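Going by the numbering used here, the letters in the sequence shown line up with residues 549 to 775, in that order. All C-beta atoms, glycine included, are put in the ideal place defined by N, C-alpha and C. In this text, all values refer to a predicted model and were calculated from it rather than measured experimentally.
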Amino acid sequence: MKAIGVTAPAVTDIVLLDLPEPPPPGEGQVVIEVEAAGVGPGDRLLNTGGRDVGLRPPPHASGPATGRQRLLGRAGPGHRPPHGPRPPTHWNPSWRLHPVNGLTALQALEALGLTTGQRLLITNGGGSAGALAVQLAAAVGVEVTAAASPSAAERLRTFGVTEIIDCHDPAWPERARAGFDAALIAAPGTVASALPLVLDGGQLCSVTSDAPDPERGINSTDLLRTS
Ligand SMILES: NC(=O)c1ccc[n+]([C@@H]2O[C@H](COP(=O)([O-])OP(=O)(O)OC[C@H]3O[C@@H](n4cnc5c(N)ncnc54)[C@H](OP(=O)(O)O)[C@@H]3O)[C@@H](O)[C@H]2O)c1
549 MKAIGVTAPA
559 VTDIVLLDLP
569 EPPPPGEGQV
579 VIEVEAAGVG
589 PGDRLLNTGG
599 RDVGLRPPPH
609 ASGPATGRQR
619 LLGRAGPGHR
629 PPHGPRPPTH
639 WNPSWRLHPV
649 NGLTALQALE
659 ALGLTTGQRL
669 LITNGGGSAG
679 ALAVQLAAAV
689 GVEVTAAASP
699 SAAERLRTFG
709 VTEIIDCHDP
719 AWPERARAGF
729 DAALIAAPGT
739 VASALPLVLD
749 GGQLCSVTSD
759 APDPERGINS
769 TDLLRTS
């Protein structure tokens, strides 16, 4: 079995590892043939030795991964085999290439729980997580406004975004039509601008670890602290 990872704690070289084949799956387990795995800042924990995350070298890089189920272990009584989040019906198969940002977008939208016709503001709608959230939300009829880099504008228009606001304009919050049912914060430092634009009793979800305390009945979720 091939993997990428480090050979010992605090080793910084990422190498191709030749590992033994996995044992047959036990009760309630599956073996996944990985097609794509995400790599993020958390992976540095493995090779800096800065924090014991319970893995012993040679660990593979990253947690989130997508692939095909190769072997399925026996389901025990009352036990269902583990599954990742089920793809929504409008899932585009190419999104399996985005295990980290796709999962982030999907989980953020699940936390917001929007339905057709509701209005969503996404700060950094042109970023790697934001752009996937734009597409997932627009696909179910949510009206999306993206505060985004002008460099992303053309791409975002093809993704079904309703309105694009230049995030580099310091006056962007005034240019947004207030009264959003929800805000998805995907740019650090944008909570203070986005929160006043959300309706009383609305929703806010941050993927940048800066969800504010709830106010005006707005439900505030810090995705990275709850997932
Ligand atoms: N991607 C993920 O899977 C993931 C998962 C969890 C958390 N996060 C967090 O989410 C945040 C965004 O990450 P990302 O990977 O989605 O984005 P990204 O792809 O790194 O975003 C890059 C874009 O952000 C734009 N940008 C910079 N400041 C902005 C602002 N104030 N408002 C709107 N857009 C702005 C930049 O515009 P210019 O081109 O004009 O400079 C650039 O186009 C980060 O804090 C990250 O740690 C991401």
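Excluding sequence positions up to five away, which residues of its chain have a Cβ less than 7 Å from the Cβ of residue i?
i	result
V739	I733, S754, D758, P760
L645	A584
T614	E583, A584, R644, P647
E711	T693
G765	D748, G749
Comparing the CB of residue i with every heavy atom of ligand 1, is any distance shorter than 6 Å?
i	result
P736	yes
C715	yes
G574	no
N782	For residue 782 there is no data in the structure shown, the boundaries of the chain being 549 and 775.
V755	yes
T693	no
T769	no
A677	yes
Ignore the nearest five residues each way along the sequence and tell me which others in residue i's own chain have a CB closer than 8 Å to its CB.
i	result
G665	G689, V690, E691
So, with DSSP's three-state summary, where would you put residue i?
i	result
R622	coil
S741	helix
R725	coil
T555	coil
V682	helix
S676	helix
A759	coil
A656	helix
Could you compute how far the alpha carbon of residue i sits from the alpha carbon of residue j?
i	j	result
V563	P557	13 Å
L619	V579	5 Å
K550	F728	47 Å
Q683	G708	7 Å
G673	A685	11 Å
L567	L747	53 Å
For residue i, list the residues DSSP reports as bridge partners.
i	result
F707	BP columns for F707 are empty, so no partner.
E691	R667
Q751	A730, N767
Can you list, in chain order, the residues of its chain with a C-beta nearer than 6 Å to that of residue i? Leave out the 5 residues immediately preceding and following it.
i	result
G675	A734
P736	T756
L660	A730, Q751, C753
G586	S610, P612, P647, V648
L651	P612
P698	D714
N767	Q751
Under 6 Å: does the beta carbon of residue i sit that close to some heavy atom of ligand 3?
i	result
V648	With respect to ligand 3, the structure offers nothing, as its ligand set consists of ligand 1.
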